[in-house]
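Engineer:
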Amino acid sequence: MLRLSRTSTIVLGIIVAAILAFMYLPLLLVVLNSFNSARIASWPVAGFSLEWWHKAFESQPVREALLNSLLVAAGATAIALLLGTLVAFALQRYRFFGQRAVNLLVVLPIALPGIITGVALSNTYNQILEPAGIQVGFAGMIVAHGTFCIVMVFNNVLARLRRLNPSIEEASRDLGATPWQTFRMVTFPQFRSSFIAGGILAFALSFDEVYVTIFTAPPGVDTLPLWIMNEMTRPDEANVVMVVATVVILTSFIPVWASQRLGRDAADRD
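Each residue of the sequence shown is one higher than the one before, starting from 1 at the first, in UniProt numbering.
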């Protein structure tokens, strides 16, 4: 085991602390300004007030944007859970021509810049589907989010499937269980934590997506990130924006934390 000197430990600790401060102090400033009694975001905070939180929760556009974000994230997560799990099983349990290509194509959307995915899907919807009489509307935005959320479930489930002991499933079948019974009572419980963790990450990724949403959202439909972007040009709404941004931060932080806990629990059971 590598041991560091006391000086090296202190230097590395200072570097890590500086990096974490650079990453998270701006987020802390956003949270603090959501409670700022002043009308304009500032530092230091003028005073404590819940006025902007009341205005945010009473705002009809904010409530509609929140509902849209939740619906899109839930729909994209459902698509990711289904397709991501099926592809993971196909690539882990079977051997077929083009297997590596399929693996690459599933992972590629998360590596592509969001603006590229958004432009491509927008062109498909507007120049191919709509002229053919297919109006994708709100569902098109959900499908668009699902394309890059699949990889979250796929990676988690595939990694877990690779660690499963196939002899347990074979024993279940030898004892007379049907394939569905074996999956429900033996296979699924073994990768359930990874399945849920992937779904949580997919939800968080969809909830705060901006670029793909810009190009695929129907006219007049805002999600929370879009609402924030549009309202940033209005200084008198700055602290309400900070409130919504704080909600997005918490909504993103909690799923990531829960996913890590589930991942650790699964590793401990191995």
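Every residue, glycine too, gets a C-beta built ideally from N, C-alpha and C.
Which same chain residues end up closer than 6 Å to K55 when comparing Cβ atoms and leaving out the 5 residues on each side of it in sequence?
Structural biologist: The residues are V240.
Engineer: Taking the C-alpha atoms as reference points, what is the distance between S34 and W227?
Structural biologist: Rounded to whole angstroms, S34 to W227 spans 16 Å at the Cα level.
Engineer: Would you call the stretch 173-182 in contact with the stretch 97-114, where contact means no fewer than 3 C-beta pairs closer than 8 Å?
Structural biologist: They do not touch, by the three-pair rule.
Engineer: Based on DSSP bridge pairs, tell me the residues matched to F22.
Structural biologist: Looking at the DSSP assignment, F22 forms no beta bridge with any residue, so it has no partner.
Engineer: Output the distance between the C-alpha atoms of N36 and I168, rounded to the nearest integer angstrom.
Structural biologist: Each residue's alpha carbon lies about 58 Å from the other.
Engineer: Roughly how many angstroms separate the alpha carbons of L161 and F89, rounded to a whole number?
Structural biologist: Answer to the nearest angstrom: the Cα atoms are 8 Å apart.
Engineer: What span of residues does the alpha helix (DSSP H) with S59 cover, start to end?
Structural biologist: Unbroken run through S59: none, as it is neither H nor E.
Engineer: Does the stretch 206-215 touch the stretch 100-116, meaning 3 or more C-beta pairs lie closer than 8 Å?
Structural biologist: As far as the Cβ criterion goes, the stretch 100-116 touches the stretch 206-215, which means the pair count is three or higher.
Engineer: Here's a check: name, in chain order, each residue in its chain whose Cβ is nearer than 8 Å to the Cβ of D222, leaving out the five neighbours to either side.
Structural biologist: For D222, where only same-chain residues beyond five positions count, the Cβ hits under 8 Å are P61, E64, A65, N68 and N230.
Engineer: What does DSSP give as the partner residue(s) for N36 in the beta ladder?
Structural biologist: According to DSSP, N36 bridges with F48.
Engineer: List the endpoints of the continuous alpha helix (DSSP H) containing F97.
Structural biologist: That residue, F97, is in no alpha helix (DSSP H); it is neither H nor E in DSSP.
Engineer: Sorted by chain position, which residues of the same chain lie with C-beta nearer than 6 Å to D208's C-beta, five sequence neighbours on each side aside?
Structural biologist: These residues qualify, in order along the chain: P225, V248 and S252.
Engineer: For N156 and S194, what's the separation of their Cα atoms in angstroms?
Structural biologist: About 5 Å.
Engineer: Between which residues of its own chain and V119 is the CB-CB distance below 8 Å, once the five residues before and five after are set aside?
Structural biologist: So the qualifying residues of the chain are F215.
Engineer: Could you compute how far the alpha carbon of V153 sits from the alpha carbon of L82?
Structural biologist: Those two C-alpha atoms are separated by around 9 Å.
Engineer: Which of the three DSSP states, helix, strand or coil, is assigned to S5?
Structural biologist: S5 falls in the coil class under three-state DSSP.
Engineer: Quick check on this structure: which residue in V244, V256, M185 and Y125 has the alpha carbon closest to the alpha carbon of S59?
Structural biologist: Nearest option by C-alpha distance: V244.
Engineer: So, under 8 Å CB-CB, G146 and Y125 are touching, yes? Tell me the CB distance rounded to an integer number of Å.
Structural biologist: Between Y125 and G146 the Cβ distance is about 14 Å, and since that is not below 8 Å, they are no contact.
Engineer: Check whether the Cβ atoms of L91 and N103 sit closer than 8 Å, and answer yes or no.
Structural biologist: Cβ distance < 8 Å, so L91 and N103 count as in contact.
Engineer: Leaving out five residues before and five after P255 in sequence, what residues of the same chain have Cβ atoms less than 7 Å from its Cβ?
Structural biologist: Here the set comprises I200, L201, F203 and A204.
Engineer: Can the beta-carbon of P109 be found less than 8 Å from the beta-carbon of V136?
Structural biologist: No. Outside cutoff.
Engineer: Hey, C149 and A80 are a contact pair by Cβ (cut 8 Å); roughly how many whole angstroms apart?
Structural biologist: The Cβ separation is near 4 Å, so the contact holds.
Engineer: Just reading off the alpha helix (DSSP H) that R192 is part of, what are its end residues?
Structural biologist: It spans F188 to F207 - the alpha helix (DSSP H) in which R192 sits, taken as one unbroken run.
Engineer: What do you reckon, are the CB atoms on T246 and V31 nearer than 8 Å?
Structural biologist: Contact: yes.
Engineer: Are the beta-carbon atoms belonging to M242 and W52 less than 8 Å from one another?
Structural biologist: A contact, by the Cβ cut-off of 8 Å.
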